[in-house]
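Report on the structure given below.
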Amino acid sequence: MTDTTKLLDVQHVTVEFHTGGLLSGTRLLAVNDVSFALDSRRPEIFTLAGESGSGKTTLARLLLHDLEPTRGQVLFEGRDLRTIKGRRDQMAFMKKVQPVFQNPFETFSPLRRVEEYLFDTARNFRGVRRRRDAAPIVDEALRQVGLSLEEISRRYPHELSGGQIQRISVARALIPQPRLILADEPVSMVDASLRMSIVNLFRKLRDEQQVSVVYITHDLATAYYISDRIAIMLRGRIVEIGPVEAVLDRPLHPYTQLLKESVPKPRPQERGVWTRHIDLGTMEVKEYGRVGCKFAGRCPHVMDICRRADPPDVAVEGRTVKCFLYTEDTAQEASAPAQPVKTGIP
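In terms of UniProt numbering, the sequence shown opens at residue 1 and continues consecutively.
Structural data, given as structure tokens:
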């Protein structure tokens, strides 16, 4: 029976890649047993946060039906994305799920006026054929992001600022009237002065247009500012997930705690202080192949069991944490003095 209460339902999804030769190659779990869901009755901004190589972009490809899972399933409005076949099915899905990508200038050809992309989108997804019928639809979408058709008319990408181009990308995504926008690093190439104006657009879409947003980023500052919930990804796994203020104000997983050290102390009543770019750093790829917890080589609270087995998902203080520190059977071991951790990854 289809669950109509879930807009997006990611169920134990794994994506496995093989590198090298058939016999000597290695297996990489780019996404490893990931689950989360978005409620269809309440729009929200759900953030997937992680450093480069955490698996968040691979997960984004799954959500856009650009990639199929090795195991598990992704459901949108109760339908398994693997059942989407043919152009008609794909167009119906794209009408409801729209992307906004990292580099806005890669979205538009420098040889074509940007308005033409918007008119094409209106024709493809709104059923209009004549330009004069599409113009009000295009203008309305542009006005939702603080622009107008008159303002961008007959202009090429190089004649617009990065902030304008990214807002046009959002406007283009709005034309089909989607239920979900997937924004993959949408402000990483925008000047700091424009970053907050872009992310504020997503809050406006949630509040005024009832559009849910999956926001993918390595920038904890903007994640804290706009998110309702956040999932912290490490080497293909979600290690902590819950309300953004709980996770970033009082992080429980040692990895989330490490990330918090690189940002100012968050104060819910002063979210505006979270405005500088936070880079989560680059870690060794070897962590992907580690047995047990992927963070064991750097964790100040590492226990023997962390190196032997995958941590379970534990419900703690209104969020879920993948860590042995919060399981009853390891509580005694967790309370013992932590052993020194060698620098680097063994």
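Note that CB positions come from ideal geometry on N, CA and C, so glycine has one too. A quick note: this is a predicted structure, and the numbers were derived from the prediction, not measured.
Of the other Cβ atoms in all chains shown, 16 or more fall within 10 Å of the Cβ of E240; this residue is therefore buried. When secondary structure is reduced to three states using DSSP, L252 falls in the coil class, being assigned neither helix nor strand.
Residue pairing by DSSP places G242 opposite I230 in a beta bridge.
Distance from F295 to P254 at the Cβ level is roughly 6 Å; contact confirmed, criterion being Cβ atoms closer than 8 Å.
Between the region 102 to 119 and the region 78 to 92, the count of C-beta pairs closer than 8 Å stays below three; the two stretches do not touch. Between V244 and A223 a beta carbon distance of about 7 Å is seen, short of the 8 Å cut, so the two are scored as contacting. If you compare the alpha carbons of H18, L7 and S52 with that of R41, the shortest gap goes to L7. Per the coordinates, the alpha-carbon of L75 lies some 5 Å from the alpha-carbon of D9. A straight line joining the alpha-carbon of G162 with that of E115 spans about 16 Å. According to the DSSP secondary-structure assignment, K6 is paired through a beta bridge with D39. Around the beta-carbon of F17, fewer than 16 other beta-carbon atoms lie within 10 Å, marking it exposed. In the three-state reduction of the DSSP assignment, Q144 falls in the helix class, which pools H, G and I. Distances from the CA of S109 to each of E159, K260 and Q177 were compared; the closest alpha carbon is that of E159. Taking F119 as the centre and dropping the five residues before and after it, the same chain places the C-beta of R131, A134 and V138 closer than 7 Å to its C-beta, in chain order. L182 is positioned such that its CB atom lies closer than 7 Å to that of A60. A buried status is given to T58, since no fewer than 16 other beta-carbon atoms sit within 10 Å of its beta-carbon.
Inclusion of V211 and V170 in the CB contact set at 7 Å is not warranted, their separation being larger than that value. As the crow flies, the alpha-carbon of E208 is around 50 Å from that of D304. Counting only unbroken stretches of 3 or more residues, the beta strand (DSSP E) elements lying wholly within the region 66 to 131 are 71 to 76 and 97 to 100, in sequence order.
Sequence-distant partners of D313 (beyond 5 residues in either direction) whose C-beta falls short of 7 Å from its own C-beta, in its chain, are T320 and K322.
The beta-carbon distance between I216 and K56, rounded to whole angstroms, is 5 Å. This is short enough to meet the 8 Å contact definition. Collapsing the DSSP output to three states places V316 in a strand. In summary, M233 is buried, with 16 or more beta-carbon neighbours lying within 10 Å of its beta-carbon over all protein chains present. Taking the C-beta atoms as reference points, A37 is found no nearer than 7 Å to V15. Straight-line spacing of the CA atoms in L111 and R155 works out to 10 Å. In the structure shown, the three-state DSSP call for F46 is strand. Relative to the Cα of G72, the nearest Cα in the group S52, L48, D33 and V291 belongs to D33. In the structure shown, D310 falls within a coil segment according to DSSP collapsed to helix, strand and coil. Taken through DSSP and simplified to helix, strand or coil, R195 comes out as helix. The Cβ atoms of I45 and R206 sit closer than 7 Å to each other. With 16 or more neighbouring CB atoms inside 10 Å of its own CB, T47 falls in the buried class. Distance check between V13 and each of G53, L81, Q166 and G292 places L81 closest, using alpha-carbon atoms only.
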